[in-house]
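Each remark here refers to the structure printed beneath this line.
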Amino acid sequence: MILPENTIDKNTSINMEPIAIIRSCFTDKFGIPRQPGLVPASTARLEMLPPYSRPEAVEGLAEFSHIWVFFLFHQAVARGWKPTVRPPRLGGNKRVGVFASRSPQRPNFIGSSVVRLEKISVNNKIVTIHVSGVDFLDMTPVLDIKPYVPYSDSVPNASCGYAHEPTPSFDIVFTPEVLEFCLQYKTETKQDLKELISQILAQDPRPAYHDEDNREYGMSLWDLNIRFAFHKGTIVINTITHQ
Ligand code: SAM
Numbered sequence: 011m012i013l014p015e016n017t018i019d020k021n022t023s024i025n026m027e028p029i030a031i032i033r034s035c036f037t038d039k040f041g042i043p044r045q046p047g048l049v050p051a052s053t054a055r056l057e058m059l060p061p062y063s064r065p066e067a068v069e070g071l072a073e074f075s076h077i078w079v080f081f082l083f084h085q086a087v088a089r090g091w092k093p094t095v096r097p098p099r100l101g102g103n104k105r106v107g108v109f110a111s112r113s114p115q116r117p118n119f120i121g122s123s124v125v126r127l128e129k130i131s132v133n134n135k136i137v138t139i140h141v142s143g144v145d146f147l148d149m150t151p152v153l154d155i156k157p158y159v160p161y162s163d164s165v166p167n168a169s170c171g172y173a174h175e176p177t178p179s180f181d182i183v184f185t186p187e188v189l190e191f192c193l194q195y196k197t198e199t200k201q202d203l204k205e206l207i208s209q210i211l212a213q214d215p216r217p218a219y220h221d222e223d224n225r226e227y228g229m230s231l232w233d234l235n236i237r238f239a240f241h242k243g244t245i246v247i248n249t250i251t252h253q
């Protein structure tokens, strides 16, 4: 990154490189919640990269319940940025300025999320940070990590423009075969797939302009493909298969 003249010494440039790679339960963009914290059952590992994967670099972090993760919207880079975007919160048909949005299609493609810090593990000096309540895609590069400081970062009475109303929730029906799959998956992996799917679908991941009954959708979680359909306020999970 080359800085404008008169900022700092003109021979100084800053190189940004990933400090970690995120291994997220979300292996495809469809279904990822629009913000962190909306799907508490979602999980990810931040696998620290050398030379940042050092136990002393995270010393003290485990005392915080939440962290800020600054990351690169790496799958947005190819499409570039636009000065205005259409947030899903506005039904996808009204434009706002990119800086009035949390859209991935922005200059520098930087995302920021507050997520729950579950634990930090160190194996053979490789540091992994386990988090939940995430909104990032698998293989997302991490640019920085900071502790969340509630006395300063939380603004309880803040106004939030157009982004205030909660999404509607749905009744979610699992077929007996799908329920059996979820039980088996939990035994094998300890992941509560049923809870995760329920929380994701309660957020209605469909694009704003889709509200046809019985249309089938698919989403990817880890190595699984989940097929489901909306029908009169109910979502039926039809199949779960390994990819
Ligand atoms: N909380 C972050 C923020 O405000 O900067 C992200 C908000 S953004 C609206 C969340 C969406 O970004 C997700 O629903 C997903 O579609 C998309 N996303 C997540 N990780 C991404 C990545 N690595 N590349 C491109 N898009 C990504």
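11 is the number of the first residue of the sequence shown in the numbering used here; add one for each residue after it.
For each residue, glycine too, the CB sits at the ideal point set by N, CA and C.
Which two residues bound the contiguous alpha helix (DSSP H) that contains Asp163?
For Asp163, the enclosing alpha helix (DSSP H) begins and ends at 160-163.
Which residue from Asn103, Ile32, Pro97, Val246 puts its Cα closest to that of Pro186?
Minimum Cα distance to Pro186 is reached at Val246.
Which residue from Val108, Val144, Val68 puts its Cα closest to that of Val81?
Contrary to the premise, residue 81 reads as Phe rather than Val in this sequence. With distances taken between CA atoms, Phe81 lies nearest to Val144 out of Val108, Val144, Val68.
Counting Cβ pairs, one atom from each stretch, are 3 or more of them under 8 Å apart for the stretch 57-75 and the stretch 221-239?
Touching, no, given that fewer than three Cβ pairs across the two stretches are closer than 8 Å.
Residue of Tyr172, Leu56, Lys104, Asn235 minimising C-alpha distance to Lys192:
The residue asked about is misnamed: residue 192 is Cys in this sequence, not Lys. The alpha carbon of Cys192 has as its nearest neighbour, out of Tyr172, Leu56, Lys104, Asn235, the alpha carbon of Asn235.
With distances taken between CB atoms, is the gap from Ile250 to Val152 smaller than 8 Å?
No, the Cβ-Cβ distance between Ile250 and Val152 is not below 8 Å.
Taking buried to mean at least 16 other C-beta atoms within 10 Å of its own C-beta, is Ala35 buried or exposed?
The sequence given here has Cys at residue 35, not Ala. Answer is buried; the Cβ neighbour count reaches 16.
For the alpha helix (DSSP H) containing Glu190, name the first residue and the last one.
Glu190 -> alpha helix (DSSP H) spans 186-199.
Under DSSP, the beta strand (DSSP E) around Ala30 begins and ends at which residues?
Residues 30-34.
Quick check: the Cα distance between Ser179 and Ile210, rounded to an integer number of angstroms?
When rounded, the distance between both Cα atoms is 10 Å.
Cutoff 8 Å; reference Ser23; Cβ partners in own chain excluding five residues on either side:
Same-chain partners within the cutoff: Met11, Ile12, Leu13.
Entirely within the stretch 118-147 and at least 3 residues each: give me those beta strand (DSSP E) ranges in chain order.
Every beta strand (DSSP E) of 3 residues or more that sits fully in the stretch 118-147 is shown, in chain order, as 120-133, 136-142.
Classify Gly41: buried if its beta carbon has 16 or more other beta carbons within 10 angstroms, exposed otherwise.
Answer is buried; the Cβ neighbour count reaches 16.
What's the gap between the Cα of Ile130 and the Cα of Leu147?
Distance between the alpha carbons of Ile130 and Leu147 is about 20 Å.
So for Ala168, helix, strand or coil by DSSP?
Here Ala168 carries a coil assignment [DSSP, helix/strand/coil].
Report the three-state DSSP secondary structure of Phe80 (helix, strand or coil).
Phe80: strand per DSSP, three-state reduction.
Rounded separation between Pro43 and Arg225 - CA only
Roughly 20 Å separates the two Cα atoms.
8 Å Cβ cutoff met for Val159 and Val141:
In this structure, Val159 sits away from Val141, with a CB-CB distance that is not shorter than 8 Å.
Measuring only the C-alpha atoms, how far is Tyr227 from Ser75?
Their backbone Cα atoms lie some 35 Å apart in a straight line.
How many Å lie between Tyr195 and Ser208 at the Cα?
Approximately 15 Å between the Cα atoms of the pair.
Could you tell me which of Val68, Pro166, Phe109 sits nearest to Leu56, measuring between CA atoms?
That would be Val68, whose Cα lies nearest to the Cα of Leu56.
State yes or no: is the C-beta of Ala86 nearer than 7 Å to some heavy atom of the ligand SAM?
Indeed, a heavy atom of the ligand SAM lies less than 7 Å from the Cβ.
Among Asn133, Ile29, Asp19, Asn25, whose alpha-carbon lies nearest the alpha-carbon of Asp154?
Per the Cα distances, Ile29.
Beta carbon of Pro46, beta carbon of Ser123: below 8 Å?
Inclusion of Pro46 and Ser123 in the CB contact set at 8 Å is warranted, their separation being smaller than that value.
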